[in-house]
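Here this note's numbering is used: the first residue of the sequence shown is 4, the next is one more, and so on.
Yeah, the Cβ is synthetic: ideal placement off N, Cα and C, and Gly gets one too.
These figures come from a predicted structure and were not determined experimentally.
Worksheet for the structure shown next.
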Amino acid sequence: MITIQPGDMAHEAVHWWELAGHQPKEIRTAWRQVTAALRPLATFAGRWIEPQDDRSHLSLTWLGGQGLLDGLLVTEAARSDTIPMRAVLRIWDLMLYLVEESGSPVAETSLIGKTVSESIDWLIQTCDKHLGAAPHRPHPELAIEFEGAFQEPSQLAQVELIRLYANTSAILEQISWTVEGAEPVRTDPYTAEMMTQIVLSSDGQTTPPNAVLLGLAPSGSFSESGYWYVAPWDAESRMQSFDWPELTHGYWSREGDDLPIAVLAVEEVAKSQDPREQLEKVSQFFAQATNRSMLYFECP
4 MITIQPGDMA
14 HEAVHWWELA
24 GHQPKEIRTA
34 WRQVTAALRP
44 LATFAGRWIE
54 PQDDRSHLSL
64 TWLGGQGLLD
74 GLLVTEAARS
84 DTIPMRAVLR
94 IWDLMLYLVE
104 ESGSPVAETS
114 LIGKTVSESI
124 DWLIQTCDKH
134 LGAAPHRPHP
144 ELAIEFEGAF
154 QEPSQLAQVE
164 LIRLYANTSA
174 ILEQISWTVE
184 GAEPVRTDPY
194 TAEMMTQIVL
204 SSDGQTTPPN
214 AVLLGLAPSG
224 SFSESGYWYV
234 APWDAESRMQ
244 SFDWPELTHG
254 YWSREGDDLP
264 IAVLAVEEVA
274 KSQDPREQLE
284 KVSQFFAQAT
294 NRSMLYFECP
């Protein structure tokens, strides 16, 4: 059985920015804005990128850059008769870009003062000009709980979000590189969740395949400050009596007969001001919860 050790995500392998434990309510507000600000990227991906059955064409990639404030979420490249281009959101100041493959901006706009619809319209008009008419019919857009225009974000909250994404990306990338069956780290433009999954089915007959999902989710019912999670996905739901022992950090959340989800609230980790201790808690959480989830699939 594949196992993950906390040491696989040690400080030597993962650079961890200290989380300051910023006010959860401000984090929640900032995260709602960022989630809404990703909608133009979802529209770009749905209209200008070749569709994939697994919807991976909609996924975003995190780019940390060389500085703390350089966090970017980037689409796949849209192909055209000219130069391939990508849509980019800079988290720090909610700047939206259309860039060439080299990273050179073709057009840019601040989302501050714009509504979600106005932001999407700007990107569509810009893409029509530089890429030509959209070649694909997008999937129906999911509803979004965000009203009014984007506001100037709290700098402290934005820094905390950038650190959360950068830290999580570093850990999940390490898992993606070292664990067999782990897929690339992606961010969902509709939920702002960053995740990878370890695919466990190898016979090609289980659809969807059995997998363990690991990621970071925005503020929600589990935690106002956001949370890390590990979620086993079993297409057959075979063992309702399987034991899920207490975790050193975090806990198992279960509803009815569904498989549990391991949850670790960001605010719990941020109680410590030592970045090494923060990394150790998150690493141990991912290792324990993932190993237990994979053991579930080993049992007959």
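Which word fits Ser120, buried or exposed, when buried means at least 16 other C-beta atoms lie within 10 angstroms of its C-beta? Reading the sequence shown from its first residue, position 117 is the one you call residue 120. Counting the other CB atoms within 10 Å of its CB gives Ser120 a total below 16, which places it among the exposed residues.
Would you check if the stretch 163 to 176 and the stretch 116 to 131 touch, i.e. whether three or more CB-CB distances between them fall below 8 Å? Judged by Cβ distances under 8 Å, the stretch 116 to 131 makes no contact with the stretch 163 to 176, as fewer than three pairs qualify.
Taking the continuous alpha helix (DSSP H) assigned at Arg50, which residues delimit it? As a first step, residue 50 must be located in the sequence shown, where it is residue number 47. Residues Arg42 to Trp51.
Check whether Phe153 and Ala40 have beta carbons under 8 Å apart: The residue labelled residue 153 in the question sits at position 150 within the sequence shown. The residue labelled residue 40 in the question sits at position 37 within the sequence shown. Yes.
Smallest Cα separation from Ser275: which of His25, Ile7 and Gln8? For the purposes of this step, residue 275 is taken as residue 272 along the sequence shown, with counting starting at 1. When the alpha-carbon of Ser275 is set against those of His25, Ile7 and Gln8, the nearest one is in His25.
Can you tell me which residues form a DSSP beta bridge with Ile264? Start at 1 with the first residue of the sequence shown, and residue 264 comes out as number 261. Bridge pairing for Ile264: Ser256 [DSSP].
Between the stretch 247 to 258 and the stretch 212 to 222, can you find at least three pairs of beta-carbon atoms closer than 8 Å? Judged by Cβ distances under 8 Å, the stretch 212 to 222 makes no contact with the stretch 247 to 258, as fewer than three pairs qualify.
Measure from the alpha carbon of Glu98 to the alpha carbon of each residue in Pro87, Gly135, Val77 and Leu22, then state which is nearest. Mapped onto the sequence shown, residue 98 falls at position 95. First, the residue type needs correcting, since residue 98 is Met and not Glu in the sequence shown. Ranking the options by Cα distance to Met98, first place goes to Val77.
Quick check: the stretch 177 to 191 against the stretch 110 to 118, are at least 3 beta-carbon pairs closer than 8 Å? Flag = no, the stretch 110 to 118 and the stretch 177 to 191 do not touch.
Kindly identify the DSSP beta-bridge partner or partners of Ile94. The residue you call residue 94 lines up with position 91 of the sequence shown. None; Ile94 has no bridge partner.
Start-end ranges of the alpha helix (DSSP H) lying completely within the stretch 158 to 214, minimum 4 residues: For the stretch 158 to 214, whole alpha helix (DSSP H) runs of length 4 or above, ordered along the chain, are 158 to 181.
If you compare alpha carbons, which of Pro87, Glu148 and Arg93 is closest to Glu104? The residue labelled residue 104 in the question sits at position 101 within the sequence shown. It is Pro87 whose Cα lies nearest to the Cα of Glu104.
In the DSSP assignment, the alpha helix (DSSP H) including Glu227 goes from what residue to what residue? Within the sequence shown, numbered from 1, the residue matching residue 227 stands at position 224. Per DSSP, Glu227 belongs to no alpha helix (DSSP H) and is neither H nor E.
Could you please give me the residues that DSSP links to Arg89 through a beta bridge? For this step, residue 89 is matched to residue 86 along the sequence shown. Answer is Val102, bridged to Arg89.
Pick from Ser228, Ala234, Glu148 and Trp247 that is closest to Ile201, judged by C-alpha positions: The residue you call residue 201 lines up with position 198 of the sequence shown. Nearest neighbour of Ile201 by Cα position, chosen from Ser228, Ala234, Glu148 and Trp247, turns out to be Ala234.
Pairing CB atoms from the stretch 40 to 51 with CB atoms from the stretch 279 to 297, are three or more of them under 8 Å? Not touching, per the Cβ criterion.
Which term fits Glu301, buried or exposed, when burial requires 16 or more other beta carbons within 10 angstroms of its beta carbon? Start at 1 with the first residue of the sequence shown, and residue 301 comes out as number 298. Glu301 comes out exposed.
Using DSSP bridges, identify the partner residues of Glu2. Beyond the ends of the chain as shown, which are 4 and 303, falls residue 2; an answer cannot be given.
So, helix, strand or coil for Val233, using DSSP? Here residue 233 corresponds to residue number 230 of the sequence shown, with the count starting at 1. Strand, per DSSP.
Can you name the start and end residues of the alpha helix (DSSP H) that Thr129 belongs to? Taking the sequence shown and counting its residues from 1, the one referred to as residue 129 is at position 126. Secondary structure note for Thr129: its alpha helix (DSSP H) is the uninterrupted segment Val119 to Leu134.
Start and end of the alpha helix (DSSP H) containing Thr293? Residue numbering aside, residue 293 sits at position 290 when the sequence shown is read from its first letter. In the DSSP annotation of this structure, the continuous segment of the alpha helix (DSSP H) that includes Thr293 starts and ends at Pro278 to Glu301.
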